[in-house]
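Encoded as structure tokens, the structure appears first; notes follow it.
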Amino acid sequence: MLIDGRYEIGEKIGSGGFGETFLGIDTRSPSSSKIVIKQLSYCNRDKSYISDAETSEVRRRFRIEAEVLEKLSMVI
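Under the numbering used here, the final residue of the sequence shown carries the number 77; numbering is consecutive throughout.
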């Protein structure tokens, strides 16, 4: 499966508070770079859906996590 006509999703490598994590490939990069894809979940651990207010906070935290991980990948 391709996301945005670019990112190929591979095997699931984990799950946590924000959702599930998969290995992937950026098919448009010259070297077909390996990437990590995180799928955001809108359910609590007990599988109940979160409120609209909680959704905004989860999205905010998810973006912060993505920004931190991107900065860390530049250091490695």
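From the three backbone atoms N, C-alpha and C, an ideal C-beta is built for every residue, glycine too.
Q.
Can you give me the C-alpha to C-alpha distance between Gly-20 and Glu-71, rounded to a whole angstrom?
A. Computed Cα separation, rounded: 18 Å.
Q. Going by DSSP, what residues sit across from Leu-24 in a beta bridge?
A. Answer is Val-37.
Q. Would the beta-carbon of Ile-14 fall within 9 Å of that of Met-2?
A. Between Ile-14 and Met-2, the C-beta spacing is not below 9 Å.
(Q) What does the Cβ neighbour count give for Gly-25, buried or exposed, with the cut at 16 atoms within 10 Å? (A) Gly-25 sits buried, since 16 or more C-beta atoms from the chains shown fall within 10 Å of its C-beta.
Q: Pull up the CB-CB distance for Ile-51 and Tyr-8, whole angstroms please, since I reckon it's below 8 Å.
A: Contact flag wrong, Cβ pair sits at about 26 Å.
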